[in-house]
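Residue numbers (the numbering used here): 307 to 756. For every residue, glycine included, the Cβ atom is placed at its ideal position computed from N, Cα and C. Just so it is clear, the structure is predicted and the values come from calculations on it, not from any experiment.
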Amino acid sequence: MSIIKQGLAALAAGVLGLALAQPAAAEPVKFDFWFGLSGDLARVVDTLCKNFNASQADYEVVCTSQGNYDATLQNTIAAFRAGKQPTVVQVYDVGTATMMLSGAYKPADKLMEENGYKIDYSDYFPGIARYYATSKGEMLSFPFNSSTPLMYWNKDAFAKIGKSEAPKTWEDVGADLKALKDAGYECPMAINISANESWQLMEQFSALHNQPIATKNNGYDGLDARLEMNKTKFVQYVTDLKKWYDAGLIKIKSKDLGQDMVQAFASGTCEVIMTSVGDHGTVGKTQKEGMNWDVAELPVYAGTERKNSLVGGASLWVLSGKSDAEYKGAAAFLNFIHDPKTALFWSTNTGYIPVTKSGFDYMKAQGFYDKAPYKGRETAIASLTASEPTEITRGIRLGNFTQIRAEFGTQMQAIFANKVSVQEGIDTLVKNGDAILDRFQQTYPNKTLP
307 MSIIKQGLAA LAAGVLGLAL AQPAAAEPVK FDFWFGLSGD LARVVDTLCK NFNASQADYE
367 VVCTSQGNYD ATLQNTIAAF RAGKQPTVVQ VYDVGTATMM LSGAYKPADK LMEENGYKID
427 YSDYFPGIAR YYATSKGEML SFPFNSSTPL MYWNKDAFAK IGKSEAPKTW EDVGADLKAL
487 KDAGYECPMA INISANESWQ LMEQFSALHN QPIATKNNGY DGLDARLEMN KTKFVQYVTD
547 LKKWYDAGLI KIKSKDLGQD MVQAFASGTC EVIMTSVGDH GTVGKTQKEG MNWDVAELPV
607 YAGTERKNSL VGGASLWVLS GKSDAEYKGA AAFLNFIHDP KTALFWSTNT GYIPVTKSGF
667 DYMKAQGFYD KAPYKGRETA IASLTASEPT EITRGIRLGN FTQIRAEFGT QMQAIFANKV
727 SVQEGIDTLV KNGDAILDRF QQTYPNKTLP
């Protein structure tokens, strides 16, 4: 064998020996993420997870939809009791009080600090951060999918009554709806009065007018908070909605009745709706051909000093009882989601808004809001940042609030069916809602919210 061949053989043997001596590449650390979105939104979450897994080789997040928000929270509680809880879980806004009192989580801010990530929490929009923060401003979870409601209005219809702007006050709304009716429009405005619409009709209205839903600063200052929307401007608001409904200026639209509000607006059946900025993309994709429409901030009553609207959606909680390796993976995942580039991907594909100022600035720099189909979504940021959050407008922290929302739907149905007066219906909402809060307080004796 020639010297060259001997050298190549020796080199090959050495490389083979080295390869055999090297340990196999470590498998990525897997951790679970449970979420409550479904349909197209679930597919976007799946892509987000794949993007994270492709961005590095140390961790693999396994993302599983639980179908909806309620199921996600209930399945997580059951899994935790069985010791099979996910590492990260998406919990909707009204589940915040339950999570805080559970003690079954690792604070997000501490998690990030322990794993070497420096997060500027002041970068979060105040109206978003304070909804999920403790009374001391500590971030126990990471804001994720966020939205706020807007008024959607048909520019063509308003042009026919001589208007080029959306109404800014509820007094203007009443006049514009009558003008639209007189101009021949059968459905000037569509609303829904189901439990879920509590978010838009009661909670957002109250925040914009700095009116409390409950005592104790909407529950932030104690579990002994009780409802008081039967003593606020909300009564006048429902009275006006009912009056406009009786006059044929408002129609009730829901899936149960064959067409929901978004469908009614996009098809040109109704000229005004109030719904989440998250529906902006759906309207754009399904709108009647040639229809000109836009969005605006929700109206307030004349003379009102407008306050910030409330954030809706969910945040990401990291649960206790997991390994250090899984926590490292969770921290990397949350840091990935916090990146402005991820905000652009998320908002482009879902309609949700960025939760940080840096994410919003990055999207503006990319020209995201300059043209259709995304132009107009920046109005949601203007609504959320209309003021610094007050003790009232930072959010609602009441236990079992989904049950209170259900009671809202029951009483609104009774009011609009003429079974009770507006005041009687809202008084009953308060009475039954307080019983719900009583039971929640008894579930957590001698406990206080962080």
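Within the continuous alpha helix (DSSP H) that includes residue i, where are the two ends?
i    : result
T402 : T402 to S408
M718 : F707 to F722
M418 : A414 to E420
T353 : G345 to S361
E684 : E684 to L690
Y375 : Y375 to R387
Y633 : D630 to H644
Can you say whether residue i is buried or exposed, counting buried as having 16 or more other CB atoms within 10 angstroms of its CB?
i    : result
E577 : buried
A384 : exposed
P756 : exposed
D338 : buried
R387 : exposed
G587 : buried
G627 : exposed
V728 : buried
Q506 : buried
N374 : exposed
T754 : exposed
A403 : buried
Q510 : buried
R436 : buried
R745 : exposed
V368 : exposed
A439 : buried
E595 : exposed
A472 : buried
T749 : exposed
A553 : exposed
With DSSP collapsed to three states, give me the class of residue i.
i    : result
V617 : coil
K591 : helix
Q748 : helix
M597 : coil
I579 : strand
V661 : coil
T654 : helix
K336 : strand
Y675 : coil
F431 : coil
E603 : coil
V624 : strand
A608 : coil
V394 : strand
Y438 : helix
Y411 : strand
V736 : helix
So, are the CB atoms of residue i and residue j less than 7 Å apart?
i    : j    : result
Y658 : N381 : no
W599 : K442 : no
L483 : V601 : no
I519 : I702 : yes
A501 : G715 : yes
A489 : I467 : yes
G525 : L704 : yes
S615 : T454 : yes
H515 : T592 : no
L563 : P494 : no
T393 : A620 : no
F767 : L622 : Since the first residue shown for the chain is 307 and the last is 756, residue 767 is missing from the structure and cannot be characterised.
Q391 : L625 : yes
G342 : T378 : yes
A686 : V583 : yes
E366 : N357 : no
M567 : K557 : no
Q709 : L735 : no
D429 : K663 : yes
T538 : A531 : no
T699 : A608 : no
N738 : E713 : yes
Would you give the residue range spanned by the beta strand (DSSP E) that residue i belongs to?
i    : result
S693 : No beta strand (DSSP E) holds S693; DSSP gives it neither H nor E.
S371 : Y365 to S371
- Message: So within the region 448 to 513, which uninterrupted beta strand (DSSP E) runs reach at least 3 residues, ignoring any that extend past its ends?
- Response: Given a length threshold of 3 residues, each whole run of the beta strand (DSSP E) inside the region 448 to 513 is given here in chain order: 448 to 453, 455 to 460 and 495 to 497.
- Query: Could you give the uninterrupted runs of the alpha helix (DSSP H) lying entirely in the region 512 to 576, keeping only those of 4 residues or more?
  - Reply: Segments of the alpha helix (DSSP H) lying fully in the region 512 to 576: 521 to 524, 540 to 552 and 567 to 572.
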